[in-house]
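Written below as structure tokens is the structure these notes are about.
2 protein chains.
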Amino acid sequence: MLEMSAEGHESQMLMARAAWLYYVAGFNQEAAAKRLGITRARINKLLADARESGLVSIQINQAYVGLLPVEEELRSRYGLDFCVCTPELGQTDAGDQGEAAEEFLRGYAFRAVGMAAAAHLKRHLQANRTAVIGTGWGRTLEQMTLNSTGISAPDARFISLMGSLTANSAYNPFEVVHALARATGGEGHFLPVPFIADSAADRQVLLAQRSVQQALVLAREATVAYISIGELTETSLLRRQEMISADQLVSLRAAGAVGDTNGLFFDAAGSPVDHELNSRTIALGFDDLRQTNVIALVAGVAKQHAADAFLRSGVARGLVIDGDTALRILGK
Amino acid sequence: MLEMSAEGHESQMLMARAAWLYYVAGFNQEAAAKRLGITRARINKLLADARESGLVSIQINQAYVGLLPVEEELRSRYGLDFCVCTPELGQTDAGDQGEAAEEFLRGYAFRAVGMAAAAHLKRHLQANRTAVIGTGWGRTLEQMTLNSTGISAPDARFISLMGSLTANSAYNPFEVVHALARATGGEGHFLPVPFIADSAADRQVLLAQRSVQQALVLAREATVAYISIGELTETSLLRRQEMISADQLVSLRAAGAVGDTNGLFFDAAGSPVDHELNSRTIALGFDDLRQTNVIALVAGVAKQHAADAFLRSGVARGLVIDGDTALRILGK
DNA sequence: GTCGGGATCTTACAAATGTCAAGTTTGATT
DNA sequence: AATCAAACTTGACATTTGTAAGATCCCGAC
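Here the protein sequences line up with chains H and X, keeping their order.
Reading the first sequence from the start, the letters are residues 1 to 332 in full-length UniProt numbering.
Reading the second sequence from the start, the letters are residues 1 to 332 in full-length UniProt numbering.
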């Protein structure tokens, strides 16, 4: 049930050996296959899996590939300490307007922002051996974990700022913290409760648990917190995961909500909306976040309005965003 | 004259952008070419250059791919603190006995050992922020520098343990130290004198220089030293670089020499031979090295006997070696 | 101005890689 | 022992990548 990562050292080892032969020794896939006594097709898949799972990571050592002027404009507009902006792609090709291009851009954005966030995390950990890292959830955070391999930080602690999903996806807060802790050698801590309680009363009960209180104390001590912004549409991750129903989405929008972060819904001015869901979410609230060094991660043009709204709240001190969304926010 | 690295930010930037589009954004070379307005052939070359120059580095995050039993045997045989052994390739393919296979293995060995050494360096720097790293020269060290990108160590110092070549190759001690310093953000220091002085008397004059003395003081403080072993044949790097003449090679062998490290020639027992060249070499001597945490780097089966001899000297405390050479040393 | 020389482009082709459908093995389940 | 599903192999194919040869272009040296 714990998926891929736990499924066995066997294939881990094979992936590593294949990757070694291919990337280090310079074998081609056919030679590597012969060497390991398996088929080329399998080598091919192993290599793909190895990259996907972050076992082999490719890093570009370059001071700058981002969009300096755009970063500066966003920084000053929202009063941020810093802003990192990945390169923009614009339309990928003349022909394809639709689905495919959208989907492609989306995937690119997660990876790009995740990678940039991982670089930021790396710097933070190097400057601060005993850092306490707060994290959110989502595909951007997942990508961040995949690009955090090779960072060593045995004295760091990672703490989820929110409860867990029920489904065990790779972008579950639990998995995010776990992956980061494993990658860096640090400690992982969780909020051992659901993301959204069944009622406000239940929330109180859950919050009162001693283990939850302990986790929240640690969460408030975070030296940096990486949280991602969610949009509020039928195609958003919250909906796909069925964390909220279609009806709830409608009522949230009616209450003025335009997006969420860690399950807290906010309006166009970045203020939490008055909606019963907000009284059931278990996560560090805006007031706590304001005391924290919050880095907002924004990936994908669908989040344009939600990101703009959240940034207006003044909660974020830093921003990592993909170029395309950044340009749209600035109306360019 | 200063080659590639200095030739311009122009192509650096282009390489980085191409690498970004290809590796991060997931464009294929054709799409990336269109995006940057250049031909696919150029993208292809840019990407190859980017990998070659270490601008993009590929890392495999795996605890172990080496040869545990072989490492243990080498470790105990030579009384080492540790031994790392890269995977062996054996004969690459049934058909090709000759040149091509040899050459291939050779290139593989440099890369593999360089990469493993870089990993060791990384660990050392993480455990020891103010480390002083002594280095030798050669193709293995060059590969080590290429795989050291992305390590941050602003308080570390790198010091060459020997004088410079006259030609400015990428494996010149000067270049090795420079590359490491640049990659990690640390300080680079050199012995600003030739590798081999024209006479023993000249050597004394050069050694007496204040700047040389200062450098040697630092070199003796090294917390770890990475030096590579050279074989003593017509095809060795020393000969190819014309650091020694064919006649000198013959007389060295006559004096019992089987290899060198940093230009110091030793016999089958690992003791420095009595030869005039050894009185002209400017490098940290065996006595100083014995006070230092010396890691020997051995890449390539040609170095089998030289490596065995050097290890007998007891100067080395650690060993990084490619699997094929390791197996031959053990007679397997 | 003009004469190299090097880098880039164009074009074409060879090699390597990614992918798929269909058959086979393997091992767990019943 | 029979059955099933997952993982793997086989063989074939489409796409992508690597590379070479000649044509051009650009730039500095003379």
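Beta carbons: idealized from backbone N, C-alpha and C, even for Gly.
Treat the numbers as computed from the prediction; the structure is a model and nothing was measured.
Within 8 Å (strictly less), CB to CB, does Met144/H reach chain X?
no
Ends of the alpha helix (DSSP H) at His275/H?
First-last for His275/H: undefined, no H or E at that position.
Determine the burial state of Glu175/X: buried for a count of at least 16 other Cβ atoms within 10 Å of its Cβ, exposed for fewer.
buried
Evaluate residue 334/H with the Cβ neighbour count: other Cβ atoms within 10 Å of its Cβ, from every protein chain shown; 16 or more gives buried, anything less gives exposed.
Residue 334/H lies beyond the residue range present for chain H, which begins at 1 and ends at 332; the question has no answer from this structure.
Determine the DSSP secondary structure at Thr130/H, reduced to helix, strand or coil.
coil
Residues near Ser313/H in its chain [Cβ-Cβ closer than 6 Å; skip 5 each side]:
Gly270
Which residues in the same chain as Gly95/X place their Cβ atom closer than 8 Å to its Cβ, once the five residues preceding and following it in sequence are excluded?
Residue confidence is low: Gly95/X scores 40 on pLDDT, short of 50, so the model does not pin down where it sits. No coordinate-derived value is stated.
As assigned by DSSP and simplified to three states, the class of Pro87/H
coil
Pro173/H classed as buried or exposed, judged by whether at least 16 other C-beta atoms fall within 10 angstroms
buried
Where Arg111/X falls, given that 16 or more other Cβ within 10 Å makes a residue buried
buried
Can you pull the chain X residues whose beta carbon is under 7 Å from the beta carbon of Ser160/H, in chain order?
Under the 7 Å cutoff, chain X gives no residues; its nearest Cβ is about 23 Å from Ser160/H.
Assign Val205/H to one of two classes, buried (16 or more other C-beta atoms within 10 Å of its C-beta) or exposed (fewer than that).
exposed
Please compile the residues from chain H whose C-beta is within a distance smaller than 9 Å of the C-beta of Asn61/X.
Ala16, Gly54, Leu55, Val56, Ser57, Thr149, Gly150 and Ala183
Verify the CB distance criterion: does Arg317/H have a CB-CB separation below 8 Å to chain X?
no
Do three or more CB pairs link the stretch 142-154 of chain X to the stretch 177-195 of chain X at distances below 8 Å?
yes
If I measure Cβ to Cβ from Arg35/X and keep anything under 8 Å in the same chain, skipping five residues before and after, which residues do I get?
Leu21 and Phe27
Along chain X, in chain order, which residues have C-beta atoms closer than 8 Å to that of Tyr23/H?
Ile58 and Ile60
Would the stretch 221-229 of chain X and the stretch 292-299 of chain X be scored as touching if the rule is three or more Cβ pairs under 8 Å?
yes
Which of the three DSSP states is assigned to Met162/H in this structure?
strand
To the nearest angstrom, report how far apart Leu319/H and Val212/H are at their CA atoms.
28 Å
Spell out whether any CB of chain X is found under 8 Å from the CB atom of Met1/H.
With a pLDDT of 28 at Met1/H, under the threshold of 50, the modelled position of that residue is not reliable, and the figure given next carries that caveat. Chain X, which has no Cβ nearer than 8 Å to the Cβ of Met1/H, makes this no.
For chain H, find out if any of its Cβ atoms is closer than 8 Å to the Cβ of Ala112/X; answer yes or no.
yes
May I ask you to report which of helix, strand or coil DSSP gives Ile151/H?
coil
For the pair the stretch 275-285 of chain H and the stretch 258-265 of chain H, tell me if three or more CB-CB distances fall below 8 Å.
yes
To test your reading of the DSSP string, which unbroken beta strand (DSSP E) runs of 3 or more residues are found completely within the stretch 160-229 of chain H?
187-189
Let's test the definition: count the other Cβ atoms within 10 Å of the Cβ of Leu47/H and tell me whether it reaches 16, buried, or not, exposed.
buried
Cut-off 8 Å between Cβ atoms - residues of its own chain near Ser199/X, not counting five sequence neighbours on either side
Arg280
What number of angstroms, rounded off, separates the C-alpha of Asp155/X from the C-alpha of Gly186/X?
6 Å
Take the Cβ of Asp322/X as the centre, count every other Cβ of all protein chains shown within 10 Å, and call the residue buried at 16 or more, exposed below.
buried
How is Phe310/H classed by DSSP in three states: helix, strand or coil?
helix
Expressed to the nearest angstrom, what Euclidean distance is found between the alpha-carbon atoms of Thr130/X and Ala41/X?
44 Å
Using the three-state DSSP reduction, which class does Ser251/X fall into: helix, strand or coil?
helix
Name the DSSP beta bridge partners of Gln59/H, please?
Ser57/X
Tell me which residues share the same chain as Asn44/X and place their Cβ nearer than 7 Å to its Cβ, disregarding the 5 neighbours each side in the sequence.
Gln29
Under 6 Å Cβ to Cβ from Ala307/H, same chain only, skipping five residues before and after it: list those, please.
Ile229 and Val298
For a test of your reading of the model: does the CB of Gln143/X fall under 7 Å from any non-hydrogen atom of the ligand ATP? Yes or no.
With respect to small molecules bound, the structure shown includes none, and the ligand ATP cannot be examined in it.
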